[in-house]
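Residue numbers for the sequence shown follow my numbering, beginning at 2 and rising by one. Glycine included, each C-beta is placed from N, C-alpha and C at the ideal position.
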Amino acid sequence: MNYFYFSFLFFPIVIASKETSVECGACLMVINEIEKSILASDPKKKLTVGSFRVDPKGNQATNDIPYARSQMHINELLEDVCDKYNKYTQAVHPVTGKLTFAHEDLVIEYKRKGKSSKLQFACNDFIDAHENEIVKFMQQETEKPTHSFCYTQLELCSAVDCVPFPDYKEEQPNQDEEANAENDEL
2 MNYFYFSFLF
12 FPIVIASKET
22 SVECGACLMV
32 INEIEKSILA
42 SDPKKKLTVG
52 SFRVDPKGNQ
62 ATNDIPYARS
72 QMHINELLED
82 VCDKYNKYTQ
92 AVHPVTGKLT
102 FAHEDLVIEY
112 KRKGKSSKLQ
122 FACNDFIDAH
132 ENEIVKFMQQ
142 ETEKPTHSFC
152 YTQLELCSAV
162 DCVPFPDYKE
172 EQPNQDEEAN
182 AENDEL
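And the structure:
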């Protein structure tokens, strides 16, 4: 009898763990897209910041900071990040076997379109609720940003949800390799 109650209580947890929640998907999408945009920005670009106060000599105290991880740049990225929801689909993660949200460029098999509009609404709600935390977090470079933010800091995702989706881009053979292959055949 006790086994029945235990399995009854445990069963919903097992079912829930087979699919990533939409809130977790929104967190993963936001952090991945912002990190991708930051890494794609020009590392030489600087932003001049400082106060409007002028010292007695007429000089202002200003500093040049990297633009990529500046508060201004991250806020600009947050304005448009939820518009990228249509590039995401639900797919079975090839490593974990869990149904999760992934960028369509990374998915080879089993695309499921149905929940992308829910992802957009969840993304907007996520940014409204956590905007200041996102900006503060993204200003610092982190080795595993989705794991650190979505799992460790906000606890929206499980550790399994934060496993990066493998990048299976087909490699184009080099012309040198093709020439060597032809020479080997002769």
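A distance below 7 Å between beta-carbons, with the five flanking residues on each side excluded, links F166 to the following residues of its chain, in chain order: H94, A103, L107. According to the DSSP assignment, D129 belongs to the alpha helix (DSSP H) that extends over 117-139. Under the three-state reduction of DSSP output, E20 falls in the strand class.
V136 is positioned such that its CB atom lies closer than 8 Å to that of I75. Within the same chain, and ignoring the five residues on either side of T101 in sequence, the residues whose Cβ sits closer than 6 Å to its Cβ are T21, H94.
The residue from R70, T63, I109 with its alpha-carbon nearest to that of S42 is R70. The alpha-carbon of Q61 is positioned some 15 Å away from that of L48. Per DSSP, the continuous alpha helix (DSSP H) segment holding Q72 begins and ends at 72-81. Between V164 and T97, the C-beta gap is smaller than 8 Å, which places the two residues in contact.
A Cβ-Cβ separation of about 17 Å leaves N87 out of contact with S38 under the 8 Å criterion.
V55 is not a Cβ neighbour of F127, given a cutoff of 8 Å. Counting the other Cβ atoms within 10 Å of the Cβ of L40 gives fewer than 16, which makes it exposed. The three-state reading of DSSP puts K37 in helix, counting H, G and I together. According to the DSSP secondary-structure assignment, Y89 is paired through a beta bridge with H104.
Nearest in C-alpha terms to L120, of all of P57, D84, P146, H148, is D84. A130 and C124 have their C-alpha atoms roughly 10 Å apart.
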